[in-house]
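Taken in order, the sequence shown gives residues 1 to 428; the numbers are from this note's numbering.
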Amino acid sequence: MSDKATLEYNGEKYEFPVITGTENEKAIDIKTLRAATGGLTTIDPGYKNTGSCKSEITFLDGEKGILRYRGYSIEELAEKADFLEVAYLLIFGELPNTEQLTAFHLDIKNESHVDEEMKKILDAFPKSAHPMGVLSSLTSALVAFNPVSVNVTSKDAMYGAIVRILAKFPVLVAWTMRKKKGLPLDYGDDELGYVENIHKMMFKKPTKEYVKNKIVIDALDKLLILHADHEQNCSTSTVRIVGSSHAGLFASLSSGISALWGPLHGGANQAVLEMLEAIVADGGDTKKYMAKAKDKSDPFRLMGFGHRVYKNFDPRAKIIKKAADEILGDLGIEDPILDVAKGLEKEALEDPYFVDRKLYPNVDFYSGVIYRALGIPTEMFTVMFALGRLPGWIAQWREMRLNNEPIGRPRQVYTGENYRPFVDLALR
Ligand code: ACO
1 MSDKATLEYN GEKYEFPVIT GTENEKAIDI KTLRAATGGL TTIDPGYKNT
51 GSCKSEITFL DGEKGILRYR GYSIEELAEK ADFLEVAYLL IFGELPNTEQ
101 LTAFHLDIKN ESHVDEEMKK ILDAFPKSAH PMGVLSSLTS ALVAFNPVSV
151 NVTSKDAMYG AIVRILAKFP VLVAWTMRKK KGLPLDYGDD ELGYVENIHK
201 MMFKKPTKEY VKNKIVIDAL DKLLILHADH EQNCSTSTVR IVGSSHAGLF
251 ASLSSGISAL WGPLHGGANQ AVLEMLEAIV ADGGDTKKYM AKAKDKSDPF
301 RLMGFGHRVY KNFDPRAKII KKAADEILGD LGIEDPILDV AKGLEKEALE
351 DPYFVDRKLY PNVDFYSGVI YRALGIPTEM FTVMFALGRL PGWIAQWREM
401 RLNNEPIGRP RQVYTGENYR PFVDLALR
């Protein structure tokens, strides 16, 4: 089989190498396109056909519904690993042994303080501020308190920066929620596990001891693992492209948080729950909302449905749907929202509009049902997504810097005015 692709244009033929990934994915390498053709470029809005990098971190096959981190299936990881192990795996490439995991956790605990001055920044936000805006700002502000830029050629400096953000980010997450709820800020406890500690920092009441609930911690672990990476999605590409200008890790992450916020991306989890609540409040008429979603003159979309890459099923959605049933059952919660979600899914899976367009529930269709059962406010859902995605962003940023990738700078096709002479203000 040829490992070259030929482009014919204006009577000339140009050959470009075809590269093959470890899962036999093929890509035409067009690095020399402009030089070879005298300036031809490509156009691909939304990058639907464009690979921006080679990556060893996450493999996904949208047709077969496969998702693997560093070769391990998402199903096995969600079942058998905890979030910190998965974070280590994503960032450093291998599952840690007990000694490595313990040392990693210890290093994180040693960095978990956030400068007290940061509280002044938090205080300046109104209580009504969306937690994603607060989180993005606080993450950006961390740069001011940790001004040394990472020497990416030093293994120790790189490790130090990674540990620092894995330690401080959960504190910021907890602060954003406590601010929203009007609760005093709480400090972590080094005796607790990584996820347990996050839960404690978010939920500990000032008047009560923190009591661990295994069902809740396991549920959180699972949700965070399922969100931990998803190759070159919108927020990850943002982190990589911002980092490609050699902006620091914290600044790159802050921009990733902003990208995640949008309802077409991570913000979908909040949008899904608000949609389900609206349907319940409206008498549970799912058919009405299905019709709205199909009506091209109505901007309403069935939130939590569809995915740029998954055109068969989203493996994370399968795991989450099962988990939602189990967790609500274990916690003894009956939520009409879950029934409406299942009803919508059933109808969509039988509806030609959704079937023809290969629109299936995505990771966020059921995640909000679980977050709600865990007592997490709706506006915090996307923050929880960011917490889960943190190791993925770090891993992708690290890979990009270690590979010394060039600054990200797409081309365009200009369709504006041709040259025209300037017109003086008085003559316009
Ligand atoms: N409801 C109704 N119609 C939809 C939906 C939906 N949720 N999603 C896609 N469609 C339709 C589009 O209108 C379009 O129809 P057309 O061919 O008749 O014009 C067709 O399906 C293809 O949709 P695109 O928007 O072109 O697909 P794209 O790959 O660009 O978008 C996206 C994917 C953004 C996820 C989209 O499906 C969507 O908006 N879903 C709802 C938001 C959501 O759940 N986002 C979370 C994604 S997962 C994540 O980021 C974690």
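Heads up, the beta-carbon is just placed ideally off N, CA and C, and yes, glycines get one too. Predicted model only: the values in this text are computed from it and were never measured.
Counted as a single uninterrupted DSSP element, the alpha helix (DSSP H) harbouring residue 286 occupies residues 286–294.
Between the region 351–367 and the region 299–319, the count of C-beta pairs closer than 8 Å reaches three or more; the two stretches touch. In the structure shown, residue 422 adopts coil according to DSSP, grouped into three states.
Proximity of the beta carbon of residue 303 to the ligand ACO is indicated: a heavy atom of the ligand is located closer than 7 Å. With contacts defined as CB atoms closer than 8 Å, residue 187 and residue 105 fail to qualify as a contacting pair. In the three-state reduction of the DSSP assignment, residue 16 falls in the strand class, which pools E and B. With a threshold of 16 other beta carbon atoms within 10 Å, residue 169 meets it and is buried. Within the region 116–167, the complete alpha helix (DSSP H) segments of 4 residues or longer fall at 118–124 and 131–145, listed in chain order. A buried status is given to residue 396, since no fewer than 16 other beta-carbon atoms sit within 10 Å of its beta-carbon. Comparing alpha-carbon positions, the option among 34, 22 and 29 lying closest to residue 411 turns out to be 34.
Taking a contact as a CB-CB distance under 8 Å, the pair residue 270 and residue 125 does not count as one, their CB atoms being some 18 Å apart. DSSP, reduced to helix, strand and coil, places residue 4 within a strand of the structure shown. At a Cβ-Cβ threshold of 8 Å, residue 249 and residue 389 do not count as neighbours.
Relative to the ligand ACO, even the nearest heavy atom lies 7 Å or more away from the CB of residue 110. Note on the region 166–235: there is no whole beta strand (DSSP E) run with a minimum of 3 residues. Here residue 27 is bridged, per DSSP, to 19.
The ligand ACO has a heavy atom closer than 7 Å to the beta-carbon of residue 359.
Taking residue 238 as the centre and dropping the five residues before and after it, the same chain places the C-beta of 255, 256 and 259 closer than 6 Å to its C-beta, in chain order. Residue 370 sits in a helix when the DSSP states are folded into three classes. In the structure shown, the three-state DSSP call for residue 52 is coil.
By the CB criterion at 8 Å, residue 191 and residue 286 fall outside the cutoff. With a cut-off of 8 Å on Cβ pairs, the region 89–100 is in contact with the region 65–81, counting three or more such pairs. At least one heavy atom of the ligand ACO sits closer than 7 Å to the Cβ of residue 233. Short note on residue 308: C-beta closer than 7 Å to some heavy atom of the ligand ACO. With a threshold of 7 Å, the Cβ atom of residue 46 counts as near the ligand ACO, since some heavy atom of the ligand is closer than that. Relative to the ligand ACO, even the nearest heavy atom lies 7 Å or more away from the CB of residue 130. In the three-state reduction of the DSSP assignment, residue 70 falls in the coil class. Residue 335 has its Cβ no nearer than 7 Å to any heavy atom of the ligand ACO. Cα atoms of residue 217 and residue 416: separation of roughly 55 Å, rounded to the nearest angstrom.
Judged by DSSP in its simplified three-state form, residue 361 adopts strand. Burial of residue 88 is indicated by the presence of at least 16 other C-beta atoms within 10 angstroms of its C-beta.
In this structure, residue 369 sits away from residue 131, with a CB-CB distance that is not shorter than 8 Å.
Nearest to residue 300 by alpha-carbon distance, out of 283, 275, 316 and 315, is 275.
With a cut-off of 7 Å, the C-beta of residue 135 is classified as distant from the ligand ACO, since no heavy atom of the ligand falls inside that distance.
Contact between residue 171 and residue 252 does not hold, since the beta-carbon distance rounds to 19 Å and is not under 8 Å.
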